[in-house]
Amino acid sequence: MKGVYLLVAVLALTSSLVSAYDPSPLQDFCVAIKESDGVFVNGKFCKDPKTVKAEDFFLHVEPGNTDNPLNAQVTPVAVDQLPGLNTLGISLARIDFAPKGLNPPHTHPRGTEILIVLEGTLYVGFVTSNQDGNRLFTKVLNKGDVFVFPIGLVHFQLNIGYGNAVAIAGLSSQNPGTVIVANALFKAVPPISVELLRNASSLNKILVYQKEKKKMKGVYLLVAVLALTSSLVSAYDPSPLQDFCVAIKESDGVFVNGKFCKDPKTVKAEDFFLHVEPGNTDNPLNAQVTPVAVDQLPGLNTLGISLARIDFAPKGLNPPHTHPRGTEILIVLEGTLYVGFVTSNQDGNRLFTKVLNKGDVFVFPIGLVHFQLNIGYGNAVAIAGLSSQNPGTVIVANALFKAVPPISVEVLARALQVDNRVIEDLQRKSWYGKD
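So the sequence shown is residues -20 to -1, 1 to 415, counted in mature numbering (1 follows the signal peptide of the UniProt record, and there is no 0).
What follows is the structure, given as structure tokens:
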């Protein structure tokens, strides 16, 4: 039974846990539909749950076309592209870079970004707010490296390698927004006053006028422009009250909701950086989840997002589990996965499944039981973004049969409608998995 997990009877015990995100989910999901004419809402209208299908949570993503002035392409997977993300507080993007490709200085006004490099070498950085002195934090990232860009701060990525580069970014909003700084300043409609821009950026009038006339596709200001942009902060989990709050180990005997903060004056780029190696799949499940949450990457504290790499050997299984504090958005990098989630009791415990191949994306709503199984002949790899700095994981079988102290045999036998001896046998087994 090390690799065997109960199905319908076990799944029926687990219902959805819901937390306040952007905007708060009040049911298992709220698949977006196009708005009615003349009606505007904060978010999207919901599709009738009875008509929802697995396809509403699925999208295939192709490599982006980098034949443009920036030699880079961002392919977003937000609520407009993937309606199942509505109310779930997370999205994703694939970023492709040709040599010297640039994702120019920009902000996400409603989302923190956590980025992992799949291929190539990137020079990345972000600039803190005026209140923090507009400090620049930079890092050179290689394959497997992870970096965090706090919500609302100006940041960029530049391919400094000789070949192409690819990265996957998770963002802590269904619609994080993007503000390319140069475009906002010099291509506003109608244009911002030349006098205003000249005074704000200490540039002469002719230079400002020239920049307004450009299409700005390949021209982006540096220090003078960055100084115009300050941090925009929104309420997430828990709400950030400054640019960042790098976690430190708690004081003995003191417990808080989240983590204590490091002195901002001592914060370095390394606090937002982590290298991730492929996971060891030599275990009973033939799979390994490598989390990148606040315990592994202190810079995530207060920023409402985390990431995980999942490696699968053939027949590898990430068993039925929930994330009580986070929605998961997953992209397949290699191989073929059979994935699914089960809705709550109130929705009739419906099972939504899909076979995913390289480049496919799927969403698992917060708190719902879900799984991933490698059904291909080779290895499989996936990257998951999660809408919490500490989403938690509850493997259903472990929670039922390896609780400390054990759950009463009578309780489990009656709940699962089996004989006491079946429960006693299950509780004696070694249940693998802790992440």
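Built from N, CA and C at the ideal position, the CB exists for glycine as well.
Candidates the options: closest to residue i by CA position
i    : options                   : result
F117 : A379, Q276 and K245       : K245
H364 : V312, N260 and F253       : Position check: residue 364 holds Ala in this sequence, whereas His was assumed. For A364, the nearest C-alpha among the options comes from V312.
K80  : Q53, F321 and S368        : Q53
T158 : A249, N139 and V134       : V134
H303 : G372, N400 and I13        : G372
Y357 : N337, Q369 and V374       : N337
E314 : N114, V247 and P258       : P258
A78  : K14, L50 and K24          : L50
V59  : T46, P85 and F25          : F25
P85  : V384, G141, N163 and V146 : N163
G143 : T46, V247, K242 and A168  : T46
Cβ-based neighbour list, residue i, same chain, cut-off 7 Å, excluding 5 preceding and 5 following
i           : result
D8          : S(-5), T323, S324, D327, P345 and L348
L62         : L39, V341 and V343
A34         : F332, T333 and K334
W411        : A377, N378, F381 and K382
N298        : A267, V269, I290, F351 and Q352
G(-18)      : Residue placement at G(-18) is flagged as unreliable, the pLDDT there being 40, under the threshold of 50; a coordinate-derived value is accordingly withheld.
T261        : A267, Q268, D291, F292, A293 and G296
residue 475 : The question about residue 475 has no answer, for the chain in this structure spans -20 to 415.
G413        : L265, P299, I375 and N378
Q407        : F381 and P386
Where residue i sits in the DSSP three-state scheme
i           : result
N139        : strand
N354        : strand
A362        : strand
Q326        : helix
residue 433 : Outside the shown range of the chain (-20 to 415) lies residue 433, about which nothing can therefore be said.
P49         : coil
R394        : helix
P85         : strand
I346        : coil
R115        : coil
S(-2)       : With a pLDDT of 38 at S(-2), under the threshold of 50, the modelled position of this residue cannot be trusted, and the question is left open.
V389        : helix
A58         : coil
S210        : Caution applies to S210, whose pLDDT of 33 falls short of 50 and renders its modelled position unreliable; the value that the coordinates give is listed next. Here S210 sits in coil by DSSP.
K245        : helix
D405        : helix
W411        : coil
K334        : strand
T270        : strand
T302        : strand
F38         : strand
D251        : helix
L287        : strand
G296        : coil
G315        : coil
K195        : Low confidence applies here, because K195 scores a pLDDT of 45, under 50, leaving its location unreliable; read the following figure in that light. Residue state, collapsed to three classes: coil.
E257        : coil
A204        : Reliability of the predicted coordinates at A204 is poor, the pLDDT of 35 falling under 50, and the value obtained from them is presented with this limitation in mind. Looking at A204 - three-state DSSP - the assignment turns out to be helix.
Within 7 Å, strictly: CB atoms of residue i and residue j
i    : j    : result
V274 : L254 : no
I160 : S367 : no
A149 : E99  : no
L280 : Q369 : yes
N359 : L317 : no
L72  : T307 : no
V11  : G64  : yes
K41  : G339 : It is Val, not Lys, that sits at residue 41 in the sequence shown. Yes, these two residues count as a Cβ contact at 7 Å.
L283 : P130 : yes
K239 : A249 : no
V145 : N139 : At residue 145 the sequence reads Ala, which differs from the Val that was named. Contact: yes.
S152 : I285 : yes
R90  : P156 : yes
Close Cβ partners of residue i (< 6 Å) along its chain, the five nearest in sequence each way excluded
i           : result
G44         : Q53, T55 and D76
Q137        : N83, L102 and V104
I403        : V389, L392 and A393
residue 422 : Nothing about residue 422 can be read from this structure; the chain reaches only from -20 to 415.
L310        : F342, A362 and A364
T87         : G132, V134 and V159
A(-12)      : Residue placement at A(-12) is flagged as unreliable, the pLDDT there being 37, under the threshold of 50; a coordinate-derived value is accordingly withheld.
R115        : T108
P278        : V226, A227 and D251
V32         : V11
Closer than 7 Å to chain D by CB, residue i
i   : result
S71 : The question asks about chain D, but that chain is absent: this structure has only one protein chain.
Residues near residue i in its chain [Cβ-Cβ closer than 8 Å; skip 5 each side]
i    : result
V256 : I96, G124, D125, V126, T270, V272 and R289
N400 : V389, E390 and A393
R330 : V322 and T323
K30  : none
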